[in-house]
Amino acid sequence: MGKMKLNMWIDLLLLLCFSLIVGIGFLIRYVLVSGQEIWAKYGTQVNLEFLGMNRHGWGNIHLICGIIMIFLLVLHVVYHWNLIKSMFAKFMGLSGGALAGISVFLLICLSFILLPFFINPQVSEQARGNKHYQIEKRMHKHQFQVK
């Protein structure tokens with residue numbers, strides 16, 4: 001397969017992954033809503049699924065598409081490296097300051113990718129059962145107390 005044809009396939013797969021990531025992100029955010037939004041919309045706790053998967057299953061596919069997209073993006077940069085170098089040389093000049101700026105920018109991007117692996121979440125206990133049910137139960141109990 002020629003280099004141009006391979007570039008075209010990489011670009012098409014990048015567009016497909018990007019479209020999947022955006023579409024699944026919208027699906028998770030606006031259709032398969034979180035627990036609090038389920039209560040607001042349906043008035044009770046229900047399970048929301050699309051094609052047999054809930055928001056967590058779609059989140060896994062979202063992550064896999066993101067990883068594939070990163071891999072394809074690296075391939076894209078590798079295959080376009082000569083073009084990238086010539087553009088920087090022509091438009092920005094590869095002075096020491098420009099190289100330092102580019103290096104800092106790339107390190108920031110890399111840190112955004114790797115940061116989740118170094119975060120320790122705050123852990124706190126949560127009451128067992130459904131919060132809304134417990135609140136309604138307490139309210140109902142206080143309404144009918146005899147003094």
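So for the sequence shown, UniProt numbering puts the first residue at 1; every next one is plus one. All C-beta atoms in this analysis are idealised placements derived from N, C-alpha and C, irrespective of residue type, glycine included. On a predicted model such as this, the values are computed, not experimentally measured, just so you know.
The bridge partners DSSP lists for residue 50 are 53.
Pairwise C-beta distances place the region 64 to 81 out of contact with the region 35 to 46, as fewer than three of them are shorter than 8 Å. Runs of the alpha helix (DSSP H) lying entirely within the UniProt domain "Flavinylation-associated cytochrome" (9 to 81) and spanning at least 4 residues, in chain order: 35 to 42, 55 to 79.
Contact check for residue 54 and residue 47: beta-carbon distance about 6 Å, within the 8 Å limit, so the pair qualifies. The shortest C-alpha to C-alpha distance from residue 64 to any of 34, 18, 52, 100 is the one to 18. Proximity to residue 113 across 121, 71, 22, 101 peaks at 71, based on C-alpha coordinates. Assigned with DSSP and collapsed to three states, residue 1 falls in coil, not helix or strand. For residue 102, the three-state secondary structure derived from DSSP is helix. Assignment of residue 120 by DSSP, reduced to helix, strand and coil, places it in the coil class. Your pair residue 24 and residue 62 checks out as a contact, with CB atoms roughly 4 Å apart and the cut at 8 Å. When the beta-carbon positions are compared, residue 50 and residue 20 stay at least 8 Å from each other.
One Cα belongs to residue 34, the other to residue 105, and the distance between them is close to 34 Å.
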